[in-house]
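The structure under discussion appears below in the form of structure tokens.
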Amino acid sequence: MPLLDWRDARHFDTHQDLPCTLCGRPTPMRSHDREPVHKVCAEAWLDDHPESDRFHN
Ligand SMILES: [Zn+2]
Numbered sequence: 003m004p005l006l007d008w009r010d011a012r013h014f015d016t017h018q019d020l021p022c023t024l025c026g027r028p029t030p031m032r033s034h035d036r037e038p039v040h041k042v043c044a045e046a047w048l049d050d051h052p053e054s055d056r057f058h059n
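Numbering (the numbering used here), first residue to last: 3 to 59.
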């Protein structure tokens, strides 16, 4: 499974939780594209879509 490095503050929205685009539960996490998504959900998704760069950076 690919591991993302989302320690940077830009991956964390301190203002609000939004529904994860993958599992639907609230999350403060954001992809580089500002998609609300849990890090673990994004990693699982990438595991199924190894050709995609959706959640990279
Ligand atoms: Zn999720």
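Note that beta-carbon positions come from the ideal geometry of N, C-alpha and C, so glycine has one too.
For valine 42, the enclosing alpha helix (DSSP H) has its first and last residue at 41-50. Cβ contact annotation for phenylalanine 14 (same chain, cutoff 6 Å, sequence separation greater than five): Pro30, in chain order.
In chain order, Lys41, Ala44, Glu45, Leu48, Phe57 and His58 place their CB closer than 8 Å to the CB of leucine 6, counting only its own chain and leaving out the 5 sequence neighbours on each side. With contacts defined as CB atoms closer than 8 Å, cysteine 22 and proline 4 fail to qualify as a contacting pair. Cβ neighbours of serine 33 within its own chain (closer than 7 Å, five residues either side excluded): Val39, Ala44 and Phe57.
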